[in-house]
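Peer 1: What follows is a structure written as structure tokens; I'll ask about it next.
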Amino acid sequence: MPSLTARLPDLQRIGPVVEVLISPSSILKEILQKEGKEIPRPVLARMLIDTGASISAIKKGIATQLGLKPHGITKIATPSNGAFQCPLYDIDILFPIHHMVIPNVRVIEGIFEGQNIDGLIGRDILKLGLFIYTGYDNSFSIAF
Amino acid sequence: MSLEQELKTYEKEKEKLLAEAKGKFVLIKGDKIIGVYASQEDALAEGYKRFGNEEFLVKEITEIEPVNFFTRPVVAE
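Written out as structure tokens, the structure is:
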């Protein structure tokens, strides 16, 4: 099982953050390839692993940058909003150094101003693997 | 909002879809139901094949819509 372990100077303050590449979903890439169309270049993103998010999210603008259109709808609820409908985008998430790919993930677009992150890795991805948060060591590991 | 027409179409056809294909995935474009598929991947692949990278809706056919929760703000207040 490929894994990633990171040690940060202040894990409590920064949180378990990983750099990933976000690209159009494998299904779309396959279609674009067959049609001889250009596949948009992946976008580098700083993602917070967030066990408080039931699904994953990317910063508003990344979907447009990748030329993605919404192909789903979901209801979401946050501490300050009641449940409301939100479009879903299909992406692949690649952990570049560790060659771990999570294909065909459905994400919402969010606003993360002032949080120094480009998105959240939620429990939809965590359910596929193993996540260990070792607070006393300022480290965390994720494996798929 | 994006996919507004597709959602209206889903709501209009929901009872019929629930009776015939609960738990499966429906592909909708505008006011047309294109098909029902066993998996989300199959429905998406068919959507891309027919419409390219345009908007279309792939949705699980469920009685109660699940709500996804976030413990931090992810949308503009």
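Chains as they are written, first to last, in the working numbering: chain A, 1 to 144; chain B, 145 to 221.
Positions of the beta carbon are idealized from the N, C-alpha and C atoms, including for glycine.
1. Quick check on DSSP: helix, strand or coil for glutamate 157/B?
2. Can you give me the C-alpha to C-alpha distance between valine 211/B and serine 54/A, rounded to a whole angstrom?
3. Could one say the Cβ of lysine 75/A lies closer than 8 Å to chain B's Cβ atoms, at least one of them?
4. What is the residue span of the alpha helix (DSSP H) that glutamine 33/A lies within?
5. Please list the partners that isoleucine 31/A has in chain B, where partner means a Cβ-to-Cβ separation under 7 Å.
6. Going straight from the alpha carbon of asparagine 116/A to that of threonine 78/A, what length do you get?
7. What would DSSP say about phenylalanine 195/B, mapped onto helix, strand or coil?
8. Give me the subset of the stretch 171-183 of chain B whose CB atoms are less than 7 Å from a CB atom of chain A, sorted by chain position.
9. Starting from lysine 127/A, find everything on chain B with Cβ-Cβ shorter than 9 Å and list it in chain order.
10. On the criterion of 16 or more Cβ atoms from any shown chain inside 10 Å, does methionine 1/A qualify as buried, or is it exposed?
11. Spell out whether any CB of chain B is found under 8 Å from the CB atom of proline 42/A.
12. Using a Cβ-Cβ distance cut-off of 8 Å, determine whether leucine 21/A contacts chain B.
13. Could you give the first and the last residue of the continuous alpha helix (DSSP H) run that contains glutamine 12/A?
14. Could you work out which residues of chain A lie near glutamate 185/B, taking near to mean beta carbons separated by less than 7 Å?
15. For threonine 206/B, decide whether its Cβ has a neighbour in chain A, counting only Cβ atoms nearer than 8 Å.
16. Less than 8 Å between the CB atoms is what I'm expecting for serine 56/A and glycine 122/A, so what's the real figure, rounded?
17. Determine the chain A residues that contact glutamate 209/B at a beta-carbon separation under 7 Å, and present them in chain order.
18. What number of angstroms, rounded off, separates the C-alpha of glutamate 150/B from the C-alpha of alanine 182/B?
Peer 2: Working from what's here:
1. Correct three-state label for glutamate 157/B: helix.
2. 9 Å
3. yes
4. Residue range 26-34 is occupied by the alpha helix (DSSP H) that includes glutamine 33/A.
5. Tyr192 and Lys193
6. If I take the Cα positions, the gap works out to 19 Å.
7. helix
8. none
9. Under the 9 Å cutoff, chain B gives no residues; its nearest Cβ is about 13 Å from lysine 127/A.
10. exposed
11. no
12. No, because no Cβ of chain B sits closer than 8 Å to the Cβ of leucine 21/A.
13. 11-14
14. For glutamate 185/B, the chain A residues whose C-beta falls within less than 7 Å of its own C-beta are Ile27 and Asn104, listed in chain order.
15. Not an interface residue.
16. 4 Å
17. Lys75
18. 19 Å
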